[in-house]
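Protein chains in written order, with our numbering: chain L, 2 to 237; chain F, 2 to 237. Single-structure report; data block below.
Protein chains: 2
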Amino acid sequence: MATKESTRSAAIDDYCKAIYTLQTRDDEPVSTNALAERLELTSGSVSGMLRKLGELGLITHEPYRGVRLTSDGRRLALEVIRHHRLLELYLAEALQMPWDRVHAEAEVLEHVLSDELEELIAAKLGHPTIDPHGDPIPTAELEIAEHPTRSLESLQVGESGRFVRVSDADPEMLRYLAGRGILPGGHVDVIERQPFGGPLLVSVDGSEHTLGGELPRAMRVELEPAAAEPTRERSA
Amino acid sequence: MATKESTRSAAIDDYCKAIYTLQTRDDEPVSTNALAERLELTSGSVSGMLRKLGELGLITHEPYRGVRLTSDGRRLALEVIRHHRLLELYLAEALQMPWDRVHAEAEVLEHVLSDELEELIAAKLGHPTIDPHGDPIPTAELEIAEHPTRSLESLQVGESGRFVRVSDADPEMLRYLAGRGILPGGHVDVIERQPFGGPLLVSVDGSEHTLGGELPRAMRVELEPAAAEPTRERSA
DNA sequence: AAGAAAAGTTTGGCATGCCTTATCTTGGGT
DNA sequence: ACCCAAGATAAGGCATGCCAAACTTTTCTT
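Right under this line is the structure:
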């Protein structure tokens, strides 16, 4: 109450971001182990840090029961995510930085970006709502449009939707897909599913592709595209 | 010899930058006290850090005799300075960030900028050689054109030159000057000097101004403009 | 329900990194 | 020859976070 909320560090940012992501994935408190795995730390380290985050008012922590972000924690997470996604988009768009490097660069800069620079970048980009990987960008007021998505793999033959992103923004996959003209925003129809976890035959924006292995699991699709134009379209 | 030279931290950057600046000002080893004052630290702190910098091979330190940058140290300093000045220019130019905030922002980002992003920014700006304050920007190979400059105050009546920068890039001063149309690159003639440290009457690009107080001390002028165009001109 | 396994917490330690104060040391000037 | 300011050193503090190991709680198994 007395202290100013200038409590930030790369580590704190990363914890909140990780908690946010895990918490959003399946709406439950986040376990210490899940965090430890994600952050590649020991569970002991995480436990210690969680106490600190609790004292900072960023999370609520029921011992042995997992953590949840408080509204402050959520705000912090969304701010960092906003930074990250704006930066990715900016670097790719304004500076033509190649896909695969954008993520790493943003990972560093997100912790350092001032509110002011954030705003300038957002303005320059026309206040975009999705980043180059198709992930939604929280607004300046930290509202985020989390449309529910399903993995491409989970679609049945005949179902269709809009390809919105590759989970975790894996640059390898994105490059592979981009090389075949499969980009976030594209309209996907599932034409055929081979049995026993085999590949899918899909059509993306008219052209057919066979996608197997990890790919259909990683690709996220939003059902009912409703023909609404995405905020920004991407060029190949 | 065995260790990689990935030795960087904001503090180390700042020490090297400060040493570089002080060393360049008057070509002598830099005293501990001068550094302490500049960095706003106690001399004890500086002494301790100097040992470390010595071990890192960034400086040579003759005890009680001051320090000099080694070639590695100089390289580091120039790299940070390059980052700083590129960032200032980029923020001002590409993002229209106002003068007075550019410096603070660059001060943070300079420590974090990757070589790759540096290069992209430099390319975007057309590999500029001077920053918005008129300071030279080291090249990617870390060569810097340090033209000798004199303070405007030191000029005699009748001498003239090119206004190249405001020392320390004081944003207040720069704003004041810019408001009067006095910008780096302008041609300055000293028309009259009032005695006893009084103000100077100068003409800048044709229009006359009376400049007194700290201003003439802070303004740096390059003699013999030789009519060479500055690499980039600035708009008001 | 007992006991084992899994999950989570605590404790103590450690490594950086950099700063401060207090106390010596030194070199240069008179 | 002496003194003093500049500088060096020593000892310590503080903030961040990490790990390993021991301990506790929950959950799973039978």
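Glycine residues also receive a C-beta, built at the ideal position from the N, C-alpha and C atoms.
> Mind checking if VAL109 of chain F is an interface residue toward chain L, Cβ cutoff 7 Å exclusive?
Replying inline: yes
> Are VAL158 of chain L and VAL191 of chain L close, meaning C-beta to C-beta below 7 Å?
Replying inline: yes
> Hey, quick one: how far does the beta strand (DSSP E) through VAL165 of chain F stretch, first residue to last?
Replying inline: 161 to 167
>> Between L:ALA105, L:SER115, L:ALA124 and L:ALA123, which has its C-alpha nearest SER115 of chain F's C-alpha?
In response: L:ALA105
> Who are the near neighbours of SER236 of chain F in its chain, counting only those whose CB is closer than 7 Å to its CB and skipping five residues on each side?
Replying inline: At SER236 of chain F, the pLDDT of 43 sits below 50, so the modelled position is not reliable; the number obtained from the coordinates is stated separately. Counting only Cβ-Cβ distances below 7 Å, and skipping sequence neighbours, we find nothing.
> Under a CB-based cut-off of 7 Å, is GLU106 of chain F close to chain L?
Replying inline: yes
>> Between L:ILE145, L:THR211, L:TYR91 and L:VAL113, which has its C-alpha nearest ALA11 of chain L's C-alpha?
In response: L:VAL113
> Tell me which same chain residues have a C-beta within less than 7 Å of the C-beta of ARG245 of chain F, skipping the five on either side of it?
Replying inline: With chain F covering 2 to 237 only, the question about residue 245 of chain F has no answer from this structure.
>> Cβ closer than 8 Å: which chain L residues qualify as neighbours of ARG102 of chain F?
In response: GLU117
> Looking at chain L, which residues of the region 16 to 27 of chain F have a Cβ within less than 9 Å of any of its Cβ atoms?
Replying inline: none
> Within 10 angstroms of its Cβ, does THR33 of chain L collect 16 or more other Cβ (buried), or is it exposed?
Replying inline: buried
> According to the Cβ coordinates, are ILE145 of chain L and PRO139 of chain L closer than 7 Å?
Replying inline: yes
> Cα-Cα, which of F:ARG69, F:PRO64 and F:TYR65 is closest to GLY58 of chain F?
Replying inline: F:ARG69
>> Can you confirm whether VAL81 of chain L, when its beta carbon is compared against all beta carbons of chain F, has any partner nearer than 7 Å?
In response: no
>> Just list the residues that DSSP pairs GLU193 of chain F with in beta bridges.
In response: F:LEU202
> Do LEU126 of chain L and LEU90 of chain L come within 7 Å of each other at the CB atom, strictly closer than that value?
Replying inline: yes
> Would ILE13 of chain L count as contacting chain F if we go by Cβ distances under 7 Å?
Replying inline: no
> Near ALA93 of chain F, which residues of its chain fall below 6 Å by C-beta distance, leaving aside the five closest residues on each side in sequence?
Replying inline: VAL103 and PRO133
> Taking any Cβ of chain F, which residues in the region 185 to 205 of chain L have a Cβ under 8 Å from it, in chain order?
Replying inline: none
> At a Cβ threshold of 7 Å, is LEU96 of chain F touching chain L?
Replying inline: yes
> Would a C-beta distance cut-off of 7 Å place LEU143 of chain L and ARG76 of chain L closer than the cut-off?
Replying inline: yes
> Going by DSSP, what residues sit across from PRO62 of chain F in a beta bridge?
Replying inline: Checking the sequence shown, residue 62 of chain F turns out to be His, not Pro. Partner(s): F:VAL68.
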